[in-house]
Every structure is written in C-alpha cells, then in structure tokens.
Amino acid sequence: MTYYIRVLYNIIEGYLHNKQNQNINETRWFSRAGLSDIDMFMHMNNASYFRVAEYARWAWTYESVLGKIMKERNVYPLVTLVSARYRRPIRLWQKYEIRSRMIDINDKAMHIQQNFYVGKSNSFAASILLKVPLLRKSDNTTIN
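For the sequence shown, the working numbering assigns the number 672 to the initial residue and increments by one for each residue that follows.
Below, the structure is given as structure tokens:
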C-alpha cells in the first residue's frame, strides 16, 4: 500500500514542480535510506535502488513535458530493459540524490539514465540505465 501512496505523492510532486511545456534535461530527486530500504549489511538493498528510482522517474515524468504528452496520446511507459551499476553503498539514514535524464529517444523507445549520489561531496554511488517503450492503452502495442 505504501508503494502506491509514494507513487501518487511523486506524481503530485512532479505536477507541482512542472516546467510548463519545457523539455527538462535533468531532474533531481532527494530521499533518505530508511529501514525498509536496508538489508542485513546495513546498506541499501539492490532492489530498493530500483524502487526509489521508479519514484524519481514518476516525479521526472510529470515535472517534464513527457507526462502531458503521454496523457494527450493515451500511452503509458513500460520498462523492458534495466542495467544497474553499483559503486558506493548508501547507508541507513544517509541522504541521497537521484538525477534522472533521458539520454536517447527513437521510434522504438526512450533510454533513461538515473544516477545516485551520496554525501555532502555528491559522490557517485550507482547508475541505472533503462529502455522504456511507450505503449498505447487501447491495444498495448508500441507507438513506433
């Protein structure tokens, strides 16, 4: 249940920070590693990286013009490929930042990069690359 509440919160947050009709190069999303994110080694679990990256993507989608385009064209995103690289752990209660940006878009899919940074020095912690085609809601086919 908390997942859906956080997704809704991030969509609303994206709408509130909406840059009207602008293509945003990069958005920043901040959070702190909590008890539900931590594994037995007291750092963020690998699956938690993907969950919080999704929250950041929802905020990014509706902060940029992409959310408006998806609504107008009646399409939705579907993550089909994910690649993660971990470099530095995120510890319990440690604040981190996720920077999301679209690195490519073609007739098949969008390619999105999300980088995690920790600490006051903004040290690189992890990177997630995604392939995200847009599907029509009417027949679940790609819009190429």
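Using N, Cα and C, we set each Cβ at its ideal position, and we do this for glycine too.
Keep in mind the model is a prediction, meaning the values are calculated, not measured.
Under the DSSP definition of a beta bridge, residue 785 partners with 771, 799.
With at least 16 other beta carbons inside 10 angstroms of its own, residue 769 counts as buried.
Counting along the chain, no alpha helix (DSSP H) covers residue 750, and no H or E run does either. Going by beta carbons, residue 734 and residue 685 fall inside the 8 angstroms limit.
DSSP links residue 758 through a beta bridge to no other residue. When the beta-carbon positions are compared, residue 805 and residue 814 come within less than 8 angstroms of each other.
DSSP places residue 701 within a strand segment (E or B) once states are collapsed to three.
For residue 782 and residue 763, the gap between their C-alpha atoms comes out near 30 angstroms.
Annotated as distal: residue 761 and residue 736, with beta-carbon spacing of 8 angstroms or more. Rounded to the nearest angstrom, the Cβ distance from residue 730 to residue 767 is 14 angstroms, too far for a contact under 8 angstroms.
In terms of Cα proximity to residue 747, the closest of 812, 678, 676, 674 is 812. Boundaries around residue 806 are those of the beta strand (DSSP E), 805–807, since no alpha helix (DSSP H) includes it. Among the bridge pairs identified by DSSP, residue 715 is matched with 709. Per DSSP, the beta bridge partners of residue 813 are 806. Checking the DSSP bridge columns, you'll see residue 794 partnered with 789.
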